[in-house]
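Engineer: My structure is below; once you've seen it, I'll send some questions.
Number of protein chains: 2
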Amino acid sequence: MMQFSDLSRLMLPQSIALVGASDRTGSIGGRTLENLTVHSRYGGAMHLVNPGKKEINGLACVPSVSAIEGELDVAIVAVKADAVLDVLDECAAKRVKFAIVFTSGFGEAGEQGKQAEARMAEIVRASGMRIYGPNCPGLNNINAQLGMTFSPAYQLDRQPGPIGLATQGGGMGRTVLQAMARGIGTGLWCSAGNEVDLEVSDFIHYMATADDIKVIATNLEGIRNGPRFLHACQHAARHGKPVVAMKIGKSEYGIKAAQSHTAAISGTAEINSAVFRELGVIEVDDVDELIDTAALLARGRPTGKEKIAVFCYSGGTAALAADKIGGSGLELARFAEPTLARLREQLPDFAAIDNPVDTTGVVLTNPELGYEALKTVAADPNVDLVLYPIPFDYGDITTKAAQSAVRVQAEIDKPLVVAWMSDKPGQGFPTLAEAGVVPARTVGGAVQALRRYVDHGAWQRSHDAAWTPQLLAPRLPDRQALPAGNVREHEAKGLLQAHGITVPRSTIATSADEAAQVFERLGVPSVAMKVVSAGILHKSDVGGVLLGISSARQAAEAYDTIMSAVGQAAEGQTIDGVLVEEMLTGPFTEIVVGIQRDPAFGPICTVGLGGIAIELFKDVARGMLPLTEARAHALIAQTHAARLLQGFRGKPAMDVEALAQALVRISGLIAAHPEIEQLEINPLAVRPAGQGVVALDALLTVEQEDER
Amino acid sequence: MMQFSDLSRLMLPQSIALVGASDRTGSIGGRTLENLTVHSRYGGAMHLVNPGKKEINGLACVPSVSAIEGELDVAIVAVKADAVLDVLDECAAKRVKFAIVFTSGFGEAGEQGKQAEARMAEIVRASGMRIYGPNCPGLNNINAQLGMTFSPAYQLDRQPGPIGLATQGGGMGRTVLQAMARGIGTGLWCSAGNEVDLEVSDFIHYMATADDIKVIATNLEGIRNGPRFLHACQHAARHGKPVVAMKIGKSEYGIKAAQSHTAAISGTAEINSAVFRELGVIEVDDVDELIDTAALLARGRPTGKEKIAVFCYSGGTAALAADKIGGSGLELARFAEPTLARLREQLPDFAAIDNPVDTTGVVLTNPELGYEALKTVAADPNVDLVLYPIPFDYGDITTKAAQSAVRVQAEIDKPLVVAWMSDKPGQGFPTLAEAGVVPARTVGGAVQALRRYVDHGAWQRSHDAAWTPQLLAPRLPDRQALPAGNVREHEAKGLLQAHGITVPRSTIATSADEAAQVFERLGVPSVAMKVVSAGILHKSDVGGVLLGISSARQAAEAYDTIMSAVGQAAEGQTIDGVLVEEMLTGPFTEIVVGIQRDPAFGPICTVGLGGIAIELFKDVARGMLPLTEARAHALIAQTHAARLLQGFRGKPAMDVEALAQALVRISGLIAAHPEIEQLEINPLAVRPAGQGVVALDALLTVEQEDER
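First to last, the protein sequences are chains F and D. The letter at position 674 of the first sequence is residue 674 when you use this note's numbering, and the numbering goes up by one with no holes. Start counting at 1 in the second sequence, then tack on 708, and there's your number in this note's numbering.
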């Protein structure tokens, strides 16, 4: 089991030392002191450390950490870069539990800084003291009214609330804090900069059981330690805390930018996304999406079965909302008959009373009617979520519309999602914000958040809480590993067969005569013939493959043709003969199955349609191992291949069950052989239902002993 | 040539009558009078019509329109629904040029209202008077300070500016007006409600040559008249005015909502999008996108070759921006050497000076440095657009950052796009807005607008201004039309062949012996055999097709097999024999080409990869006819098929030239036969380069005489 330290004394310390306290307003030490003493409500012990001062602002000052009496939960280190290591050594000697290091000029600044960070990591290992930072803005525990930060904006951006935020760089963290202007507070913000020790995963783990946090938001440039991240997210899932994540450094340009910013590893975007999906981490692509999604999850608990009502007084806006809902695959609720009857009474004849509801402007001249009709819609038992787009500010009139929305939200227990579409906030926008009806800024943004909300509910219902991913396992010393390097096709197929995957029958021939004999012995209408050589990876490219050989005589000729072609093209390679292999008859669908190893998340399975589909359309799904049958089916269902396999347009249904079983067996094979670096079965022929699957080609690479 | 009236006297009238003028504040007539006389700067003649008053607010009042002396450019009709037709008759008799009808309760209210609208259309036809409305909020000519509207918000939302806005429903039009809070003004807003006569297309046509309008924005629920829309957009393109369009009623839900709102036809979303793309109409999917895109096009003229610089003081934010740029396929500029040298001087060592630039927070403490570095980047000759995301409000500090952006924008002639990402506007957001540096609200939104801006430049460079679409042509009475109904495959192929499209050689056999003889005569390795019957559309489904027949004996047997299968399955249908057709040998790529007729936009060509690609991945592109070779190539290039045809992954390059020529010929065929309702060639076999294309199957339907 992965170890996570108890961070409660970091988040809620009972004793703090500020090393580098200063009376200079505007200095790091001065601003931190102000945040701690003026803008916080901290009741614990406070020690100031500054060798040049006896007291600062009336508080006693000691020359060093070692001079402090009593235990220290947190030492805040706000000294120059060249003094940091000495202070940390002193803190470790003093048995300080946590050191928060603001100072920059370390890993982000070059080689010398990286060495200093390595020393910090050593201090952590040797002493058990945990380090938060360096190069970080500190820790804002807004719900506890404690600002261990030098930010001059601390006092301005501190609305308590249900969002817990874990970031690396600080910039966009503050963007999330400032969503308070939309009525959603971030109660805890951890931003550990260069993450020499404590990292995003530690904060997610803490927030998973923090009572004041309902939703965890994170903004990541890279995941330093895949397994820790997995465990932290699974911990959050077990405690029903949604994690909403924005990963930056996805594109080539973004990776470059992220690397120049921090030293974090930027994993492949596709693999990160696949891992997020499996862990139920809700991936978003911009800060506004992070806010919209986290805010909605803080306001309700999704089931995955939500049906939506659209309520609006502008017909065009209602149509836009309906488009966004339809386009995202969400479902509009069918109103119950009493709802329709009541709306017919309440609204004029020319209103559209069926979902989406277009009340027409009548509710603008009669706000009470607007409240009543909205309440009628929101109270419908078939309605789980209400979307109310307000297209423009119309002074008092839209302020009253906003007030109606606030009133209705107070009376119902399902989220009412308002989209305030205008750039003019008027009084309506702040009315909604102040009441915590966090308005979205666009209909598209609101619907995207609804989609993610519903999807998360579906994930929570369906995911297998007991499943734990198979990470990069150590080699097992007591068993035979596969030989390193490229494994020859027939050997790879032998391994597949040993793990229960059907492969075509075949025999290696070492002469033309033998090839003819093998053909006869196989007794099949046609065979494929492929050169056998560990040195030749791309057999077709050197003329090493002939297909559709349908007589013994042809087989003999083919042998000679292949040997001659390969002999010229692949000089110096050892040729072990030619594989004579039965060719599959009857219909089948070509599926590609691949296993690759991600340094952070272990073996990843890729599955998708073969042929042009995989190359042109990238129609693949990815998942972590181990695969269960349910997980294998879920993976297949993510691809277009699923529709094809189900019996598309009059074609026969193919053996999806056998495909899922094969994926589980491949998963088992990888677990048994952690030394496998890469496996690709292309194609895996999926035959009609009941007839199973056959691995027609296999590429297998085993790592060298010294690669780990 | 399509006729468009001169609307200048509607937009800038010299004489106005307000029919239904009222002294009751808050009434439609009263508010309109206030807008015209208090909130407008209108210098022309103003006549008030109200049979019950001698004067209103000191202005003389006449009992009827006929009592007015002199010519009338515009009559504003603000009377009850049952009085509207009489007033319009009177206006027509008076030779009023334009009538603006506010009154609702017509087409949107039911059958009786629709009949009244038909009467209005008759008045237009008979008199030449043009009608704007009914059921509309009026016309806001903000640049001319003239509000012919009853809206109480007229006086609030009137910032002059370069955007011309044409809408149907009014709601989201006001959302666009309120983008003035971001610093972009809408100078003219036309919203003709039920569009009984004047419609969005007329306003686009007017704005195309209006000097005060730089960009045309429109928000459409349906396009009433395809040809008028085409002509208006082409007119705008000829005058270099970009048209940005949001089409609502795209999804099933949205169509339902739009139909309950207005009576406009909602065309197929895919066809609308294809038409927009061809006309250079920039399609957007939400109101914020409409604003971001229109505002950017009002601030610069794209070339399609823009390279972008990202400037930011937060590394994470820079990485997000870089991701968005990379993800959207835009290109980051490579800074010139002097730029890099100057940035190295200006910024600290730990800043990232290469594009994307991360200045680090140093510019926050030294705003002048922020200005200088931004100026350095913006002045780089390789930089065409600058993206400056500001992640949070930081009080004075970010206000100064905004001021620097304003300063730099004033000094350079390329658009500086600022994304103000925070929900707190601070003073920075209004600083940017007031200076006209229309801030986007998200990085994603800013980059999406950049993408559309650059794409529009590319369209402007490459589009063929001389091309005019082929609309639904009338039947030519003097020539032989094809017989109505389903055309038999061999006849369809005959027509293709007559238009220069190669088809396989074939002959109809009417007996088993004849089938054997035809096989021998064709002298090919194998043939396909297909039943010939106009009554059987899906020949395969009834056992009417056999493939791969490779001997005369097999051909004779196949004949009997087909006749017996079809005889049972398609009882009562006339069977004309069995087509014996050569089968293509050698490699080819299956392409699908279809022609369908859109009621608004005429014949539309669909082209895409055949096989599973078209069914699973909907990998098709659509275009209006006629096709030139350049347009055909452009269409092909929109599909994934293009990559495959170019010689994908070591496969041979296919005959794309021949495919493009075939598309042009099919286009000619459709022009010659306007009676064709539908044509589908599936597949059109595209052979290796130089070997041409062959139509392997063809489905052709001809409309009945009485369908038009």
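Note that CB positions come from ideal geometry on N, CA and C, so glycine has one too. All of these numbers come straight from a predicted model, not from anything done at the bench.
(1) Return the residues of the stretch 995-1007 of chain D that lie within a Cβ-Cβ distance of less than 7 Å from chain F, sorted by chain order.
(2) If you draw a straight line from the alpha carbon of F/Leu669 to that of F/Arg622, how long is it in whole angstroms?
(3) Strictly by DSSP, which residues pair up with D/Trp1167?
(4) Please tell me whether F/Pro683 has its Cβ less than 7 Å away from any Cβ of chain D.
(5) For F/Ser225, which residues of its own chain have a beta-carbon under 8 Å away from its beta-carbon, when the five flanking residues on both sides are left out?
(6) Classify F/Gln234: buried if its beta carbon has 16 or more other beta carbons within 10 angstroms, exposed otherwise.
(7) Are there 16 or more other CB atoms within 10 angstroms of the CB of F/Gly316, so buried, or fewer, so exposed?
(8) Quick test of the definition: if touching needs 3 or more C-beta pairs under 8 Å, does the stretch 358-374 of chain F touch the stretch 859-869 of chain D?
(9) Of the residues that make up the stretch 393-414 of chain F, which ones have a beta carbon closer than 8 Å to any beta carbon in chain D?
(10) D/Gly948 to D/Ala916, Cα distance in whole Å?
(11) Residues of chain F with a CB under 9 Å from the CB of D/His1348: which are they?
(12) Could you give the distance in angstroms between the alpha-carbon of D/Gln1412 and the alpha-carbon of D/Val1195?
(13) Thinking just about the alpha-carbon of each residue, which of F/Leu387, F/Tyr253, F/Leu450 is nearest to the one in D/Asn1063?
(14) Please decide whether F/Ile142 counts as near chain D, where near means a Cβ-Cβ distance under 7 Å.
(15) Does D/Glu1279 get closer than 7 Å to chain F when you measure Cβ to Cβ?
(16) So which residues on chain F does D/Leu1129 lean against when the C-beta distance must stay under 8 Å?
(17) Under 6 Å Cβ to Cβ from D/Val1211, same chain only, skipping five residues before and after it: list those, please.
(18) Taking Cβ positions only, does D/Gln1054 come closer than 7 Å to chain F?
(19) Put D/Ser909 into one of helix, strand or coil per three-state DSSP.
(20) Entirely within the stretch 531-575 of chain F and at least 3 residues each: give me those beta strand (DSSP E) ranges in chain order.
(21) If you run the structure through DSSP and keep just helix, strand and coil, what is F/Phe229?
(22) Hey, would you say D/Gly869 sits closer than 7 Å to D/Gly895, going by beta carbons?
(23) Would you list, in sequence order, the uninterrupted alpha helix (DSSP H) runs of no fewer than 4 residues that lie entirely inside the stretch 93-142 of chain F?
(24) Given that a residue counts as buried once 16 or more other Cβ atoms are within 10 Å of its Cβ, and exposed if not, what is F/Asp560?
(25) Secondary structure at F/Asn272, three-state DSSP: helix, strand or coil?
(26) Using DSSP bridges, identify the partner residues of F/Met11.
(27) Shorter than 7 Å from the beta carbon of F/Thr268 to some beta carbon of chain D?
(28) For D/Gln867, which residues from the same chain have a beta carbon less than 6 Å from its beta carbon, with the 5 sequence-adjacent residues on both sides left out?
(29) Assign F/Ala449 to buried or exposed, taking buried as 16 or more other Cβ atoms, counted over all protein chains shown, within 10 Å of its Cβ.
(30) Using a cut-off of 9 Å between C-beta atoms, extract the partners of D/Leu1352 located in chain F.
(31) Please determine, among D/Tyr840, D/Leu864, D/Leu1140, D/Gly1251, the residue with the shortest C-alpha to C-alpha distance to D/Gln1117.
(32) Would you mind telling me which residues of chain D sit closer than 8 Å to F/Ser314, beta carbon to beta carbon, in chain order?
(33) Would you decide whether F/Leu347 is buried or exposed? Buried here means 16 or more other CB atoms lie within 10 Å of its CB.
(34) Does F/Pro652 get closer than 7 Å to chain D when you measure Cβ to Cβ?
(35) Is F/Pro134 closer than 7 Å to F/Asn50 when the C-beta atoms are compared?
(36) Can you look up F/Asp354 in the DSSP assignment and give me helix, strand or coil?
Structural biologist: In this structure, then:
(1) Val995, Asp996
(2) 17 Å
(3) Looking at the DSSP assignment, D/Trp1167 forms no beta bridge with any residue, so it has no partner.
(4) no
(5) The identity of residue 225 of chain F in the sequence shown is Asn, whereas the question assumes Ser. These residues qualify, in order along the chain: Glu199, Ser201, Ala600.
(6) buried
(7) buried
(8) no
(9) Asp393, Tyr394, Gly395
(10) 8 Å
(11) Ile612, Leu616, Phe617
(12) 12 Å
(13) F/Tyr253
(14) no
(15) no
(16) The amino acid at residue 1129 of chain D is misidentified as Leu; the sequence shows Met. Neighbours of D/Met1129 on chain F, chain order: Met172, Thr175, Val287, Asp288.
(17) Lys1201, Leu1204, Gln1205, Ala1403
(18) no
(19) helix
(20) 545-549
(21) helix
(22) yes
(23) 111-127
(24) exposed
(25) helix
(26) For F/Met11, which the question treats as bridged, DSSP gives no partner whatsoever.
(27) no
(28) Met888, Gly893
(29) buried
(30) Ile612, Glu615, Leu616
(31) D/Leu1140
(32) Gly877, Gly878, Gly879, Met880
(33) buried
(34) no
(35) no
(36) coil
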